[in-house]
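Undergrad: Below you will find the structure I want to go over with you.
In the UniProt record's numbering, the protein residues as written are 1 to 473.
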């Protein structure tokens, strides 16, 4: 069965598809560079010259005309693009010698100090810019968001999270086959009308709650915990009565908790953090327990530089399925699941983030035809930019795509005793996040998936449209 969560990025736990039995909700993709999109208001050079040559020419221009604030700003911007934040800070601080320096200088300086982790300096500069009456509404929104983030980062114990309420329409939510005939015991049979693809809508309510507690150690040890809760109510399903051979999609409820200590293990490698953790989850369907699991894992992250992050991890869980009238042999699905993932995230330019992720899973049960190994590749591109409407804040457009290969260890005699199942699933999507205020935002996502299987029983297509209101706190 598949459970999906939707948030304001496609890599947050998805609420749109059903994972293989016992597979856990994927951990949220923490795109570290996204907190830096406030720099999107800074103009970018359109020159095709090598960056080093542009820096040299900009330096000579600013040296010849030291009173030209535009030349100095361009020089600082190019230094920032090259990763020389200290040099960019020095160039911009010279502009502050002018009492009439525009507030954007302090904003740019505040962002640079933020990137370097000098939060007190960043906050002071940003507050000065906020007090300047010349600061525009878009810049004020960005400053307030960054100050809120700095406040959270400098608090010993801090909570944050998101509540989401949305409506989703799907063409094939139960992943029914798109073929007219399927296999039963190896023989072709016609698909009855009540088992052909059928559209449906559902309402989703989700909560993501994060807590961090700074232990005050030199290695920056912090207890990092997360709770995810999700409810999905389909319009075609009602009540809590379970039936054998259930046709309608399940109403679902998920709770997942995770906690561990994140720290820097090596003082000589300041960009490296690890977080051993423990986790547990339970999923109910139609108001009855479907399965629960528990386990442990290890998250690893390494910042190559301020624009490039490598992160990944390993997770082990033991799955315990309930025996129910709709799943009388549920205990045959009991077993272990393992997940290994690696992701590279790169800030291409202010407000533009590209990430690629590789995920492999392997799951073992009591029956070989339920044992599955899968490999998945994902690519996501996010672009944050100023709203086309006055005072509309930063909009974010996301585009993603991926492919997953699932291979089963044995043939299911009920379907075809001579052929083991193998699926290839393709997925593409686009999303738009529109801020309505500093806390509220509107999320719209359109996604299409196609599954090609060695067995016709599992060939399917689905298109979903998801619209939600999200509140961040």
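Each residue gets a CB set at the ideal place from its N, CA and C atoms; glycine is no exception.
Could you spell out where the beta strand (DSSP E) holding residue 284 opens and where it closes?
TA: Numbered from 1 along the chain shown, position 284 holds the residue referred to as residue 284. Here the beta strand (DSSP E) through residue 284 covers 272-285.
Undergrad: Can you tell me which of the three DSSP states residue 247 falls into?
TA: The residue you call residue 247 lines up with position 247 of the chain shown. DSSP places residue 247 in coil when its eight states are reduced to three.
Undergrad: With distances taken Cα to Cα, identify the nearest neighbour of residue 105 among 76, 447, 279.
TA: The residue labelled residue 105 in the question sits at position 105 within the chain shown. It is 76.
Undergrad: Output the distance between the C-alpha atoms of residue 267 and residue 243, rounded to the nearest integer angstrom.
TA: Translated into the one-based positions of the chain shown, residue 267 becomes position 267. Translated into the one-based positions of the chain shown, residue 243 becomes position 243. In a straight line, the C-alpha of residue 267 is about 58 Å away from that of residue 243.
Undergrad: How long is the line joining the alpha carbons of residue 474 and residue 98, rounded to whole angstroms?
TA: Given a span of 1 to 473 for the chain in the structure shown, any question on residue 474 remains unanswerable.
Undergrad: Can you give me the C-alpha to C-alpha distance between residue 121 and residue 333, rounded to a whole angstrom?
TA: The residue you call residue 121 lines up with position 121 of the chain shown. The residue you call residue 333 lines up with position 333 of the chain shown. Going from the Cα of residue 121 to the Cα of residue 333 covers about 55 Å.
Undergrad: Assuming residue 395 and residue 385 form a contact by the criterion Cβ under 8 Å, report the distance between their Cβ atoms to the nearest whole angstrom.
TA: Along the chain shown, read from residue 1 onward, the residue named residue 395 stands at position 395. Along the chain shown, read from residue 1 onward, the residue named residue 385 stands at position 385. Yes, residue 395 and residue 385 are in contact; Cβ-Cβ is about 6 Å, under 8 Å.
Undergrad: Mind checking who residue 381 pairs with in its DSSP beta bridge?
TA: By 1-based counting over the chain shown, the position of residue 381 is 381. Partner(s): 354, 399.
Undergrad: Once the 5 residues before and after residue 36 are set aside, which same chain residues still bring their CB inside 6 Å of it?
TA: Here residue 36 corresponds to residue number 36 of the chain shown, with the count starting at 1. Because residue 36 sits at a pLDDT of 36, beneath the cut-off of 50, its placement in the model cannot be relied upon, and the point is left open.
Undergrad: Suppose you measure from the CA of residue 74 to the CA of residue 140; what does that come to, to the nearest Å?
TA: In the chain shown, counting from the first residue as 1, residue 74 sits at position 74. In the chain shown, counting from the first residue as 1, residue 140 sits at position 140. Cα-Cα distance, rounded: 22 Å.
Undergrad: Just checking, does the stretch 283-296 make contact with the stretch 243-254 on the three C-beta pairs under 8 Å criterion?
TA: Yes, the stretch 283-296 touches the stretch 243-254.
Undergrad: DSSP on residue 146, reduced to helix/strand/coil?
TA: Along the chain shown, one-based indexing puts residue 146 at 146. Residue 146: helix per DSSP, three-state reduction.
Undergrad: With a threshold of 8 Å, are at least 3 pairs of Cβ atoms found where one atom belongs to the stretch 417-430 and the other to the stretch 440-460?
TA: Enough Cβ pairs lie closer than 8 Å, so yes.
Undergrad: Alpha carbon to alpha carbon, how far is residue 421 from residue 108? Give it in angstroms, no decimals.
TA: As a working note, residue 108 is residue 108 in the chain shown. As a working note, residue 421 is residue 421 in the chain shown. Distance between the alpha carbons of residue 108 and residue 421 is about 55 Å.
Undergrad: Beta-carbon within less than 6 Å of residue 362's beta-carbon, same chain only, minus the 5 sequence neighbours each way: which residues are those?
TA: For the purposes of this step, residue 362 is taken as residue 362 along the chain shown, with counting starting at 1. Contacts found: 338, 373.
Undergrad: Under the three-state reduction of DSSP, which class applies to residue 220: helix, strand or coil?
TA: Here residue 220 refers to the residue found at position 220 of the chain shown. In the structure shown, residue 220 sits in coil (DSSP, three-state: anything other than H, G, I, E or B).
Undergrad: Determine the burial state of residue 457: buried for a count of at least 16 other Cβ atoms within 10 Å of its Cβ, exposed for fewer.
TA: For this step, residue 457 is matched to residue 457 along the chain shown. Classification of residue 457: buried, given that the 10 Å Cβ count is 16 or more.
Undergrad: Mind reading off the beta-carbon distance from residue 469 to residue 442? Whole number of angstroms is fine, and I expect it under 8 Å.
TA: Numbered from 1 along the chain shown, position 469 holds the residue referred to as residue 469. Numbered from 1 along the chain shown, position 442 holds the residue referred to as residue 442. Right, their Cβ atoms sit about 6 Å apart.
Undergrad: Using the beta-carbon count (16 or more within 10 Å), is residue 258 buried or exposed?
TA: The residue labelled residue 258 in the question sits at position 258 within the chain shown. Buried.
Undergrad: Indicate the three-state DSSP secondary structure (helix, strand or coil) for residue 502 in the structure shown.
TA: Lying outside 1 to 473, the shown extent of the chain, residue 502 is not represented and no answer is given.
Undergrad: Helix, strand or coil for residue 104? Go by DSSP, reduced to three states.
TA: Within the chain shown, residue 104 is the residue found at index 104, counting from 1. Helix at residue 104.
Undergrad: Which one of 117, 455, 157 has the shortest CA to CA distance from residue 214?
TA: Within the chain shown, residue 214 is the residue found at index 214, counting from 1. Out of 117, 455, 157, 157 has the C-alpha closest to the C-alpha of residue 214.
Undergrad: Residues in its own chain within less than 8 Å of residue 234 by CB, not counting five upstream and five downstream?
TA: Residue 234 sits at position 234 when you count from the first residue of the chain shown. Once the five neighbours on either side are set aside, the close Cβ partners of residue 234 are 173, 200, 201, 202, 248, 249, 250, 251.
Undergrad: Decide if residue 159 is buried, meaning its Cβ has at least 16 other Cβ atoms within 10 Å, or exposed.
TA: Residue numbering aside, residue 159 sits at position 159 when the chain shown is read from its first letter. Exposed, because fewer than 16 other Cβ atoms sit within 10 Å of the Cβ of residue 159.
Undergrad: Looking at residue 209: is its Cβ nearer than 7 Å to the Cβ of residue 195?
TA: Here residue 209 is taken as the residue at index 209 of the chain shown, counted from 1. Here residue 195 is taken as the residue at index 195 of the chain shown, counted from 1. Not closer than 7 Å, so no.
Undergrad: Does the Cβ of residue 408 have 16 or more other Cβ atoms within 10 Å, making it buried, or fewer, making it exposed?
TA: As a position in the chain shown, residue 408 is number 408, starting the count at 1. Classification for residue 408: buried.
Undergrad: Which first and last residues belong to the alpha helix (DSSP H) in which residue 390 is found?
TA: Residue numbering aside, residue 390 sits at position 390 when the chain shown is read from its first letter. Element bounds for residue 390: n/a, residue is neither H nor E.
Undergrad: Pull the bridge partners of residue 425 from the DSSP assignment, please.
TA: Translated into the one-based positions of the chain shown, residue 425 becomes position 425. Answer by DSSP bridge pairing, in chain order: 404, 451.
Undergrad: Return helix, strand or coil for residue 141, following the three-state DSSP convention.
TA: Here residue 141 is taken as the residue at index 141 of the chain shown, counted from 1. If DSSP states are grouped into helix, strand and coil, residue 141 belongs with the helices.
Undergrad: Which same chain residues end up closer than 6 Å to residue 229 when comparing Cβ atoms and leaving out the 5 residues on each side of it in sequence?
TA: In the chain shown, the residue the question calls residue 229 occupies position 229. Taken in chain order, the residues that qualify are 207, 255.
Undergrad: Sorted by chain position, which residues of the same chain lie with C-beta nearer than 6 Å to residue 471's C-beta, five sequence neighbours on each side aside?
TA: As a first step, residue 471 is located in the chain shown; it is residue number 471 there, counting from the start. 163, 439, 440.
Undergrad: Considering Cα atoms alone, identify which of 131, 190, 126, 177 is closest to residue 148.
TA: Sequence index remark: in the chain shown, residue 148 carries index 148 (1-based). Selected option, being the one with the closest Cα: 126.
Undergrad: Helix, strand or coil: which one does DSSP assign to residue 445?
TA: Locating residue 445 in the chain shown gives position 445, where the first residue counts as 1. Strand.
Undergrad: Taking 6 Å as the limit between beta carbons, can you name the residues of its chain near residue 198, skipping five residues before and five after?
TA: The residue labelled residue 198 in the question sits at position 198 within the chain shown. No residues qualify anywhere along the chain.
Undergrad: Do the stretch 319-326 and the stretch 342-356 touch if we need at least three Cβ pairs shorter than 8 Å?
TA: Flag = no, the stretch 319-326 and the stretch 342-356 do not touch.
Undergrad: Mapping the DSSP letters down to three states, classify residue 53 as helix, strand or coil.
TA: Here residue 53 refers to the residue found at position 53 when the chain shown is read from its first residue. It is helical.
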